[in-house]
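Everything on this sheet refers to the single structure shown next.
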Amino acid sequence: MPDKTPTFGSEGVALLVPEVRSGRETLPAELCLDIYRLMVRSRAMEERMIKMSKSGQGYFWIGGPGEEAFNTCLGLQVKKGQGPAYDYLHLHYRNSATLVAMGMPLIDAIRQMAMTATDPHSMGRNFPGHFACREWNVLPISSVVEVQFVMAPGTALVQKRQGGDGITIVTGGDAGTAEGDFASCLIWSSRPGNELPVLMIVTNNGWGISTPASTQHGEKHIIDRGKAFGICGEVVDGNDVVASWHAIRRGMDYCRRERRPYMIEAKVSRLYGHSSSSGAQRVRNEVDPLDVFENKLTGAGLLDTITIEHTREEALAEVEAAVEQVLNEPMPQPSDVEKHTYAPSPVDVVYPEDYTGLP
Ligand SMILES: Cc1ncc(C[n+]2csc(CCOP(=O)(O)OP(=O)(O)O)c2C)c(N)n1
Ligand SMILES: [Mg+2]
Numbered sequence: 001m002p003d004k005t006p007t008f009g010s011e012g013v014a015l016l017v018p019e020v021r022s023g024r025e026t027l028p029a030e031l032c033l034d035i036y037r038l039m040v041r042s043r044a045m046e047e048r049m050i051k052m053s054k055s056g057q058g059y060f061w062i063g064g065p066g067e068e069a070f071n072t073c074l075g076l077q078v079k080k081g082q083g084p085a086y087d088y089l090h091l092h093y094r095n096s097a098t099l100v101a102m103g104m105p106l107i108d109a110i111r112q113m114a115m116t117a118t119d120p121h122s123m124g125r126n127f128p129g130h131f132a133c134r135e136w137n138v139l140p141i142s143s144v145v146e147v148q149f150v151m152a153p154g155t156a157l158v159q160k161r162q163g164g165d166g167i168t169i170v171t172g173g174d175a176g177t178a179e180g181d182f183a184s185c186l187i188w189s190s191r192p193g194n195e196l197p198v199l200m201i202v203t204n205n206g207w208g209i210s211t212p213a214s215t216q217h218g219e220k221h222i223i224d225r226g227k228a229f230g231i232c233g234e235v236v237d238g239n240d241v242v243a244s245w246h247a248i249r250r251g252m253d254y255c256r257r258e259r260r261p262y263m264i265e266a267k268v269s270r271l272y273g274h275s276s277s278s279g280a281q282r283v284r285n286e287v288d289p290l291d292v293f294e295n296k297l298t299g300a301g302l303l304d305t306i307t308i309e310h311t312r313e314e315a316l317a318e319v320e321a322a323v324e325q326v327l328n329e330p331m332p333q334p335s336d337v338e339k340h341t342y343a344p345s346p347v348d349v350v351y352p353e354d355y356t357g358l359p
């Protein structure tokens, strides 16, 4: 139920501001409605991309249905910009809702799905959900799991040296934490006197493709591994918008202020299996964060059936128009294959035809 918390308007008059509650934490109703719309748009986009993978308008799908609650709250709280004064994002292939919340047009993810030359993330050459955005410090997402955890201390080191309150955010799955890269991040972000502002996020969906997490983890919680390095953290229900928002807020505030690492383990769902390679069929026995939030907002009197229908229809229309446009956009040409492989360097002047770099 919404709480009626008295606050004071510009004239000093008490106003009743509805809030949405989870346990002892609350969020303003307006923010919740914004989050809800972003979640609906992200879901519509991913479900259309799954269809594209099945109808030959793309070949492989992987993405984030089931992680919208947590990932939307993450995207909305990022200090967005370019350079070390802003947050760096070393993301995972299930972070589409984070990018949507940051303001990515849905059509750009669909371009990557359709592998068109207009795809701003990879010029049609990477899997869907493998975003890259220099203007927002989003480093190219890799399908090689966990490499982002060994790169994250690099940007955090620059941020620590430079001063300011920019932090480095790194996300990955539960199974990926078995890689040495995860351990490298623990070690490098917690060296005494050289602690780094890294927010380490593990989205734990309980699976590594077809391997259940229950057969792989001797520790109770993945964040418990941080204890040996003096890294604080918390486990949060990633299907709960209000709880996720506040866990991310605490983690970000801590990293910004203390210039030290923090860990969040978000328990999330995986609603369409691992990827199109495992069929991308809808899973029915996992919690759907969108249903949970919709019910919460409806129960709080903030949503009704007509608004829900309208929000969904609007999102579907946006996605459909995007697909129609993308299918008329150009594909990369053979001559494009060498583009953007290496950054421009003085070597190009000496060996203009040699894209492989040094002789
Ligand atoms: C280094 C590496 N090893 C194996 C794989 C194959 N692979 C792709 S996704 C995946 C599972 C990752 O599970 P998790 O880290 O829990 O992330 P999730 O997909 O569940 O979000 C594996 C093993 C890979 N891409 N990279
Ligand atoms: Mg997993």
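Note that the sequence shown ends on residue 359 in this note's numbering; no numbers are left out.
Backbone N, C-alpha and C fix where the C-beta goes; we use that ideal spot for every residue, glycine too.
Which same chain residues end up closer than 6 Å to Leu74 when comparing Cβ atoms and leaving out the 5 residues on each side of it in sequence?
Thr98 and Ile248
Is it right to say Thr341 is buried, meaning 16 or more other beta carbons lie within 10 angstroms of its own, or is it exposed?
exposed
Going straight from the alpha carbon of Ser276 to that of Ile50, what length do you get?
7 Å
For Ala29, which residues of its own chain have a beta-carbon under 7 Å away from its beta-carbon, when the five flanking residues on both sides are left out?
Around Ala29: Pro2, Pro18, Glu19, Val20 and Leu302.
Rounded C-beta distance between Asn204 and Ala114? I'm assuming under 8 Å.
About 31 Å; that fails the 8 Å criterion.
Would you call the segment 112-131 in contact with the segment 161-169, where contact means no fewer than 3 C-beta pairs closer than 8 Å?
Because the criterion of three Cβ pairs below 8 Å is not met, the segment 112-131 and the segment 161-169 do not touch.
Ignore the nearest five residues each way along the sequence and tell me which others in Val326's own chain have a CB closer than 7 Å to its CB.
Ile107, Ile110, Arg111, Ala114 and Thr116, listed in sequence order.
What does a CB cutoff of less than 6 Å around Ile201 pick up in its chain, not counting 5 residues either side in sequence?
Cβ within range, chain order: Thr171 and Ile264.
What's the gap between the Cα of Cys32 and the Cα of Asp288?
17 Å
Please name the residue or residues paired with Ile248 in a DSSP beta bridge.
Answer is none; Ile248 lacks a bridge partner.
Regarding Val326 and ligand 1, is the C-beta to nearest heavy atom distance less than 8 Å?
no
To the nearest angstrom, report how far apart Arg37 and Pro192 are at their CA atoms.
43 Å
Give the range of the alpha helix (DSSP H) segment to which Val292 is assigned.
Pro289 to Gly299
Please determine if the segment 228-245 and the segment 182-191 are in contact, where contact requires at least 3 C-beta pairs separated by less than 8 Å.
yes
Could you tell me the distance, in whole angstroms, from the CA atom of Ser143 to the CA atom of Gly63?
C-alpha separation (whole angstroms): 11 Å.
What whole-angstrom Cβ distance do Leu139 and Tyr88 have, given they're in contact under 8 Å?
7 Å
Among residues of its own chain, excluding the 5 on either side of Glu219, which ones have a beta-carbon nearer than 7 Å to its beta-carbon?
Arg225
Could you tell me if Pro212 is buried or exposed, where buried requires 16 or more neighbouring beta carbons within 10 angstroms of its beta carbon?
exposed
Could you check the C-alpha separation between Glu286 and Val198 for me, to the nearest Å?
30 Å
Here's the rule I'm using: 16 or more other beta-carbon atoms within 10 Å means buried, otherwise exposed. How should Ile209 be labelled?
Flag for Ile209 reads exposed.
Can the beta-carbon of Leu91 be found less than 9 Å from the beta-carbon of Asp34?
Cβ atoms of Leu91 and Asp34: not closer than 9 Å.
Quick one: does the C-beta of Met237 sit closer than 8 Å to a heavy atom of ligand 2?
The question names Met, yet the displayed sequence has Asp at residue 237. The answer is no for Asp237.
Compute the beta-carbon to beta-carbon distance between Glu46 and Ser96, rounded to the nearest angstrom, for a pair I have assumed lies under 8 Å.
Rounded to the nearest angstrom, the Cβ distance from Glu46 to Ser96 is 6 Å, consistent with a contact under 8 Å.
Under three-state DSSP, which class holds Asn194?
coil
For a quick check, are the C-beta atoms of Ala69 and Val268 less than 9 Å apart?
Contact flag set, yes.
So Pro153 is in the alpha helix (DSSP H); what residue range does that whole segment cover?
Val147 to Gln162
So does Ala213 have its beta carbon nearer than 8 Å to some heavy atom of ligand 1?
yes
What is the residue span of the alpha helix (DSSP H) that Lys51 lies within?
It spans Ala29 to Lys54 - the alpha helix (DSSP H) in which Lys51 sits, taken as one unbroken run.
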